[in-house]
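From first to last, the protein sequence lines are chains R and U.
Just so we're aligned, residue 18 is where the first sequence starts under the working numbering, counting upward by one.
Just so we're aligned, residue 18 is where the second sequence starts under the working numbering, counting upward by one.
Beta carbons: idealized from backbone N, C-alpha and C, even for Gly.
Remember, it's a predicted structure, so these values are computed and weren't measured experimentally.
There are 2 protein chains.
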Amino acid sequence: MKLLRNTLLETFVTVVECGGFSDAQFALGITQSAISIRIRDLETGLGYRVCERGRGGFRLTERGEIAYRKARDILLSARDFDAELLELRNAITGDLRIGVVDAVSSLPGLPLVAALQKFLARPNEVQLELVIASPTDLTQRLISGEVHVAIAPFRHQLPDLSYTEVCKEAHRLYCSDQHPLFNLPAEEIDAGILSSYPLCQRSYDMMASTDLAKSKAQVVVANMEAMAMLIESGHYLGALPKHFAQSWVDKGIFRELNSDDLRWTSTFYLASRQSKAHRRAVELFIQDICSCADKSDPK
Amino acid sequence: MKLLRNTLLETFVTVVECGGFSDAQFALGITQSAISIRIRDLETGLGYRVCERGRGGFRLTERGEIAYRKARDILLSARDFDAELLELRNAITGDLRIGVVDAVSSLPGLPLVAALQKFLARPNEVQLELVIASPTDLTQRLISGEVHVAIAPFRHQLPDLSYTEVCKEAHRLYCSDQHPLFNLPAEEIDAGILSSYPLCQRSYDMMASTDLAKSKAQVVVANMEAMAMLIESGHYLGALPKHFAQSWVDKGIFRELNSDDLRWTSTFYLASRQSKAHRRAVELFIQDICSCADKSDPK
DNA sequence: TACTTACATGAATTTTTGTTATGTGAAAAT
DNA sequence: ATTTTCACATAACAAAAATTCATGTAAGTA
């Protein structure tokens, strides 16, 4: 059921996301004429043109761009609103939009998969969505309501959001077999040597680290796989989660530079914004995550 | 124009506020049958009954109560959303919902009327709403978006809201001509005498005062007119804004107990919540208020 | 020039929504 | 107890709105 139905806004958003009327036909399940009329009606109502279209291609106008973002936001909250009312019926319904950082599928102790299993085992009508993004990005999306919960190593915690510790992740510094350090005996590796090689840095969750972080980084990535590829190139040193680097180490491609001052741990938090929507689906999932969590230190 | 139209929710909310279908006919401009059908459709969609009705009277169910509050909230934000999109057209539209405390019409320096004149002088399509409520109540309504701006002597300021000083208000203690103190020479009036008479206290904006506040109040009011009536009864002393009490003083009904330690000043703030909706109408009005404000101390 | 793509438009049609008239059941009046 | 009235429900019909189908148009492409 659609309580806060709005055909005009829905049409507009879909059209934008399909990049034109013709493709949106199938997404919306109506004919192109209907779309044409709906957009015309929307524009008549608003009093301005939201997009240029025609053979020359589809393009939002300046105002259309703003309208599109607002419309997308309101449609999301409308869906949540529907779910809130439907949940009074004692069903578990609506969207559950979860955000996580990348490279967590192999993170031991992270109860995401277990929690999902537990959650989905209940009879429900929930529409799941799982987005991968950086912690900064996830924070934004939590605030806007684009995701209901997020799991990431949040360093800067906002007062508006509530955070629960979920697990820890061990990090180490790695080089690849193409790197000069790969075959150097462990005792010859010290801070001085290390700082003479360029470091690939992550744009978030900076290690609360040593001299390493101070050396100006030439490359910045926001994605673990990207980090791995740059390390693999042999030109950079880079920090990775242990569990994530393991497969490269096993294949003999990466070497862990394992000295005492090259160990970091980042703490993963489950973040959510209560004020946004208090929905049963969201509450249950948070509960599931917490009940599966393993907060012990990583080995 | 109605972008986020929803007939079902609108019908529901109106019906609740009219206390039944029959009255809601006129409010909604449709027949009673249509309402009956809409409510049936709403209930079918939700899967639960929202209200009991019939000859025995109209009553929301428990779930209906929750649904009603949520629906009312969402309809308000839907109106604001509409206004946001319409304002891209460069018109000033939508609701402007203003909250103030009572007894401010005679407050010198408060630029409300002047600001309203300035605001309304512009060509606009704004739907004004002016609600009178206590500061506590106004804070709640600001947060919920029920009002866009509020003017009151806010003592406890929330981090979520932004406050701008607007003007000051002088307060004095009064008694009426029915009161034993009315004819007592000024020099005989001291704290001791005063504390022997019952005080009518205000439930908000407590004077940062002296011994007076400490004496247990027997009566508490949240409204200046109520305060005036109780003072007029001759049983109570009470604090009032000078400007407000003036007409009683002029008529010889009230006497101002004017000693040095019986003078208070409260500061009025304009409060708003930016995050809620940033709308041109709201911004303009805030600007108008500020440009008219007179922040000097009251005589 | 002819063709294709991407959308607009008008007439016809389907779907939705609303009205009128009438029915039902419970409380109030007689 | 019977009738009346009130508050809403329902069915049949009417009006309005939304959608489709067929076709038109304009800009880019072959």
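Annotation: the segment 136 to 186 of chain R contains the following complete segments of the alpha helix (DSSP H) (minimum length 4 residues), in chain order: 152 to 161. The continuous beta strand (DSSP E) containing residue 286 of chain R extends over residues 280 to 289.
For residue 58 of chain U, the enclosing alpha helix (DSSP H) has its first and last residue at 49 to 63. Cβ neighbours of residue 239 of chain U within its own chain (closer than 8 Å, five residues either side excluded): 151, 219, 220 and 221. Under DSSP, residue 191 of chain U shares a beta bridge with U/255 and U/273.
In the three-state scheme derived from DSSP, where H, G and I count as helix and E and B as strand, residue 37 of chain R is classed as coil. At least one CB atom of chain U sits nearer than 7 Å to the CB of residue 64 of chain R. Here residue 35 of chain R has 41 and 44 as same chain residues with Cβ atoms under 8 Å from its own Cβ, once five neighbours each way along the sequence are excluded. Our two residues, residue 293 of chain U and residue 209 of chain R, have alpha carbons roughly 53 Å apart in a direct line. Against chain U, the CB of residue 106 of chain R has a partner CB under 7 Å away; the residue lies at that interface.
In the DSSP assignment, residue 115 of chain R is bridged to R/147 and R/166. In the structure shown, the three-state DSSP call for residue 216 of chain U is strand. Interface criterion met: the Cβ of residue 84 of chain R is under 7 Å from a Cβ in chain U. If the five residues before and after residue 48 of chain R are omitted, its C-beta is found closer than 7 Å to the C-beta atoms of 42, all from its own chain and listed in chain order. Looking at the DSSP output, residue 110 of chain U shares a beta bridge with U/142. Separation of the CB atoms of residue 116 of chain R and residue 67 of chain R is rounded to 29 Å, and the pair is thereby denied contact status at 8 Å.
Ranked by how close their Cα comes to the Cα of residue 87 of chain U, the residues U/154, U/250, U/56 and U/29 have U/29 in first place.
Around the Cβ of residue 278 of chain U, a 10 Å sphere holds fewer than 16 other Cβ atoms; the residue is exposed.
According to the DSSP assignment, residue 67 of chain R belongs to no beta strand (DSSP E), since it is labelled neither H nor E. No residue range can be given for residue 121 of chain U, since it is assigned to no beta strand (DSSP E) and is classified by DSSP as neither H nor E.
Contact between residue 198 of chain U and residue 274 of chain U holds, with the beta-carbon distance rounding to 7 Å and staying under 8 Å. Listed along the chain, the chain U residues whose CB falls inside 7 Å of the CB of residue 101 of chain R are 87. Between residue 257 of chain U and residue 191 of chain U, the C-beta spacing is below 7 Å.
Setting aside the 5 residues that flank it on each side, residue 55 of chain R is surrounded in the same chain by 24, 25 and 28, each with a C-beta closer than 7 Å to its C-beta; the list follows chain order. If you ignore the 5 residues before and after residue 144 of chain U, its C-beta comes within less than 8 Å of the C-beta of 111, 112 and 113, all in its own chain and listed in chain order. Rounded to whole angstroms, the separation of the alpha carbons of residue 166 of chain U and residue 157 of chain U is 12 Å. Leaving aside the five residues that flank residue 85 of chain R on each side, the residues in its chain whose CB is nearer than 8 Å to its CB run, in chain order, 29, 30, 33, 67 and 77. Taking the beta carbon of residue 80 of chain U as reference, the chain R residues within 9 Å of it are 102, 105 and 106, listed in sequence order.
Rounded to the nearest whole angstrom, the CA to CA distance from residue 168 of chain R to residue 237 of chain R is 22 Å. A residue is called buried when at least 16 other Cβ atoms come within 10 angstroms of its Cβ; residue 102 of chain U meets this threshold and is buried. A check of alpha carbon separations from residue 287 of chain U across U/269, U/309 and U/141 identifies U/309 as the nearest. If you draw a straight line from the Cα of residue 253 of chain R to the Cα of residue 307 of chain U, it comes to about 57 Å.
Apart from the 5 residues on each side of it in sequence, residue 119 of chain U sits with its Cβ closer than 6 Å to the Cβ of 149, 240 and 241 in its chain, given in chain order. Looking from the CA of residue 289 of chain U, the closest CA among U/188, U/63 and U/179 belongs to U/179. Rounded to whole angstroms, residue 176 of chain R and residue 58 of chain U show a C-alpha spacing of 41 Å. Excluding sequence positions up to five before and after residue 136 of chain R, its CB lies within less than 7 Å of the CB of 301, 302 and 305, all in the same chain and listed in chain order.
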